[in-house]
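Protein chains in written order, with my numbering: chain A, 1 to 307; chain B, 1001 to 1360; chain C, 2001 to 2357.
Note that beta-carbon positions come from the ideal geometry of N, C-alpha and C, so glycine has one too.
Please read all numbers here as calculations on a predicted model, not as lab measurements.
Report on one structure; see the data block that follows.
Listed below in structure tokens is the structure:
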């Protein structure tokens, strides 16, 4: 076997593209979970974002509007989840699963007329000066705009949670909704805002799949990416920086295993294609073995003010 | 101003009434959806809910209802016990696949023997396969505190890859012209999980599902383990004070769920599916989660929910062929059913209050 | 112990139900593995269904069910169609083989047509296309066009049909370009646009400038277009929306004549169980337009190769051909027989990868 044909510069460049959908969805879900809500419907919101973004981009000719519409669609779907779990106090696990089911069904209905169509996609936005750098220019600074948006979003979420008062309140709500309520914070309202944000991010992630990474619309095209996003949040022990690491690691393994096959590596294909999941498990174990959980204490629990 | 007020006790009337209300609401909203798609809503609802049980071809569909509901109920029962204890195993699909692979593998190793012991050996191997696959998240959770939701889910993808690998390699039918897929168990009497009474759809997996329903009912309402499980789920700290070992609960719940999912897989692969192939699993492990919640984690509820879910599948397929409705519409319909049930469920524990503004 | 039982009484009831349909109008059913919008395999079957229905001008009604998994659900879907009064049912994926036979046993008066399988019965025919003939043309163009001498191949599931395609493409690329190398990625799926796009990118990044695919979506075409300087071929369907570049030609499955033929036989009462394996000569395998991106001389050679196969003068698997391990498969001038082609599970000499199993 000859692994010299694998070019590390191109490998890193394509892992960034491959990881962006899950990164977007994961950073949104992390905020949701920080507020104490577990929304397992990421897959459903992503695929709805994928189809709505695609449809709008095809109809308007503008991928930008596609992304905006995808964020709105993801948020709209998460609103249903929010109403059920926050006002009608339904079980979050079951509601999230239901959301996935609804999203998958809804998206393929909406998407029927768009199967097999082509969409305008995002151009590569080469950053002036930086993109001319040797090696790093092609690797890091010659991507489309959404790759940078996702990175900025990660930084913004990190700063928001760490430095702002609103971020502090959000975390307090996630740690103990009863105490936060006693302090006079509107627990339900704050959680609704977090849920909507998570939905919008998942929608963006889905649209990145259908508008940039593939780019086309097909039924069920997220193929489990939403679940990976959920895994990455835990993997990251609810920290923004580690969400980035996790998403890029997963994207990296996915791209690397295809590259290994392409280079003719003598490893069983089944093992290679299972490797992203196996490695996620191993890293999860290592992280939990070190005792760094930091899961929001109220995660997944319903809040009712008359308690 | 409308607000919710917690009932002192769950309402009996709503416990029974809310699923009916949810089905009714689903029919109304679903009917609107079908009308929007250009189908006659009444005919569609009749095709989905009525025809499979009472229609022209009900003699076939009634059996198929059992075939479809059997594995769903069997898996959902195992999951529901874990959910009661707060053990979130959402990887039953993987346990289902591994049970099928281990059971089928054990059988195929003995091919072409016609011994009466073959089928029982396969069932045991299937149960062990599912159990072992579920032990991975159990060990990791109790030993390292690793989140079982994610581990069990990741293991589904791993199992999927193993399935594809064995169906094109280890378990591939040597007489299959190089195509993937194992030997067909329907052509090997000793290993075939045939219908016990012709035309009824009743195979060993369905029998096992009924036994599991009764077993779970007894366990949860009559046995100390059931009490400990519920206590762990509702008040983990109180459970610890009461001397319940949380690790043991995790092992028990995941192990039982894996075992039931494993035998469900074995019964499916030796019966309705017939062979190990890359796509035999068809998502039962995931649908069972919905069944467990639709049935409110109660054995009898799960029995009914499994049958209802099977009905929407079979009726939905019929609506696809006879009315050319897209399959996605049916999926959406099932999602709505779950949503409405969850939404109406709130009235079991809360009541609506109008007017006076509370101190909340 | 005999636990196997027959649905005798049910079968009688069922056949009575279907016999009621007169010859005035017959119903043809189709079971699809994917959505008709996949742009590849299922799309072409659905196109052929529609054209067939139009051809019979109201005499034939068609029904179909999409996304039928190759599980126990397949048997029910087929039964459902037979119960619903279908007179002939086309099951269009390999995994429907055993379910098709099981249902056929219960409905002796319904005709069944199973694509790409090898088991037949009195009321079950099989049909497939000699895609490897198209692969030979692709291989020739690919060998001539590659500058990096690296050809990427996105393979689906390791079954004889796919392996045959790889071998045929490799042999004909090698013939015109001895330095050519094949990189093969197995995806274990027939249809997953995201995976297909990633695989295409990985191959391109590893230096491939020709991408052949045996998966059904157009995602690899889009990836190649984005990369530039890479050529591709349409698979199963023409994928003409990516012409003239990256898509320079295609293999098209044209099932229409076959479907018309078989349904006509049912209408005439002349249907019998057959085994059809047609190629370029009958038009079941079509070569999509070779675009101007291909130099005129290469295009002429490719068309000559196609014509030779259409006329039956040339067989893509003509010796001398060695197996991968160097042992002789076909001696000088020997032509592979259909039996060994149908079960092909090895690579020919020169391919460095191993058949996964």
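- Taking C-beta separations shorter than 8 Å and ignoring five residues to either side along the sequence, the partners of residue 1135 of chain B in its chain run 1251, 1254, 1255 and 1258, following chain order.
- Within chain C, 2098 have C-beta atoms less than 9 Å from the C-beta of residue 1275 of chain B, given in sequence order.
- By a beta-carbon distance limit of 8 Å, residue 88 of chain A contacts residue 1346 of chain B. Their separation comes to about 4 Å.
- The alpha-carbon separation between residue 184 of chain A and residue 169 of chain A amounts to approximately 11 Å.
- Going by DSSP, residue 250 of chain A is part of the alpha helix (DSSP H) stretching over 240-262.
- Note on residue 2229 of chain C: under 16 other CB atoms within 10 angstroms of its CB, so exposed under the neighbour-count rule.
- The beta carbons of residue 2255 of chain C and residue 2044 of chain C sit about 6 Å from each other, so the pair counts as a contact at 8 Å.
- A check of alpha carbon separations from residue 1144 of chain B across A:287, A:220, A:73 and A:172 identifies A:287 as the nearest.
- Contact between the region 2206-2224 of chain C and the region 2139-2153 of chain C is present: three or more C-beta pairs spanning the two stretches fall below 8 Å.
- In the DSSP assignment, residue 2127 of chain C falls outside any alpha helix (DSSP H) and lies within the beta strand (DSSP E) extending over 2124-2129.
- Non-local C-beta neighbours of residue 1138 of chain B in its own chain, meaning closer than 6 Å and more than five positions away in sequence, comprise 1250, 1251 and 1254, ordered along the chain.
- Taking all protein chains in view, the Cβ of residue 2140 of chain C is crowded by 16 or more other Cβ atoms within 10 Å, so the residue is classified as buried.
- Interface residue (Cβ-Cβ distance to chain B less than 7 Å): residue 2188 of chain C is classified as such.
- Look at residue 2095 of chain C here: in three-state DSSP terms it is helix.
- Within chain A, no C-beta atom comes less than 8 Å from the C-beta of residue 1078 of chain B; the nearest is roughly 16 Å away.
- In this chain, residue 2041 of chain C is not harboured by any beta strand (DSSP E); it is covered by the alpha helix (DSSP H) spanning 2041-2055.
- Residues of chain A with a Cβ closer than 7 Å to the Cβ of residue 2352 of chain C are, in chain order, 264.
- With a contact defined as Cβ atoms closer than 8 Å, residue 255 of chain A and residue 2227 of chain C miss out at about 15 Å.
- At a beta-carbon threshold of 8 Å, the residues of chain C lying near residue 1282 of chain B are 2069, 2071, 2072 and 2073, ordered along the chain.
- The distance from the Cβ of residue 1278 of chain B to that of residue 1163 of chain B is about 6 Å, consistent with a contact at the 8 Å cut-off.
- Distance check between residue 2116 of chain C and each of C:2085, C:2253 and C:2051 places C:2253 closest, using alpha-carbon atoms only.
- In the structure shown, the three-state DSSP call for residue 1228 of chain B is helix.
- In terms of Cβ geometry, residue 2317 of chain C and residue 2336 of chain C form a close pair [threshold 7 Å].
- Sixteen is the threshold: since fewer than 16 other Cβ atoms of the shown chains lie within 10 Å of the Cβ of residue 2058 of chain C, the residue is exposed.
- Between the alpha carbons of residue 2167 of chain C and residue 2214 of chain C lies a gap of roughly 13 Å.
- Under the three-state reduction of DSSP, residue 2032 of chain C is assigned to coil, being neither helix nor strand.
- Per DSSP, residue 2172 of chain C is one residue of the alpha helix (DSSP H) stretching across 2160-2176.
- Close to chain A, meaning a Cβ-Cβ distance shorter than 9 Å, are the following residues of the region 2034-2049 of chain C: 2034, 2035, 2036, 2037, 2038, 2039 and 2043.
- DSSP places residue 2133 of chain C in the helix class (H, G or I) of the three-state scheme.
- At a cut-off of 7 Å between C-beta atoms, residue 2203 of chain C counts as an interface residue with respect to chain A.
- Note on geometry: alpha-carbon atoms of residue 1032 of chain B and residue 66 of chain A lie some 28 Å from one another.
- Counting along the chain, the unbroken alpha helix (DSSP H) around residue 2342 of chain C starts and ends at 2338-2342.
- Cβ-Cβ distances below 8 Å link residue 2338 of chain C to 2277 in the same chain, with the five nearest sequence neighbours on each side left out; the list follows chain order.
- One alpha carbon belongs to residue 2122 of chain C, the other to residue 1301 of chain B, and they sit about 46 Å apart.
- Proximity of chain B to residue 274 of chain A at the Cβ level (cut-off 7 Å) is accounted for by 1157, 1158 and 1161, in chain order.
- For residue 2060 of chain C, the secondary structure class from DSSP, reduced to helix, strand or coil, is strand.
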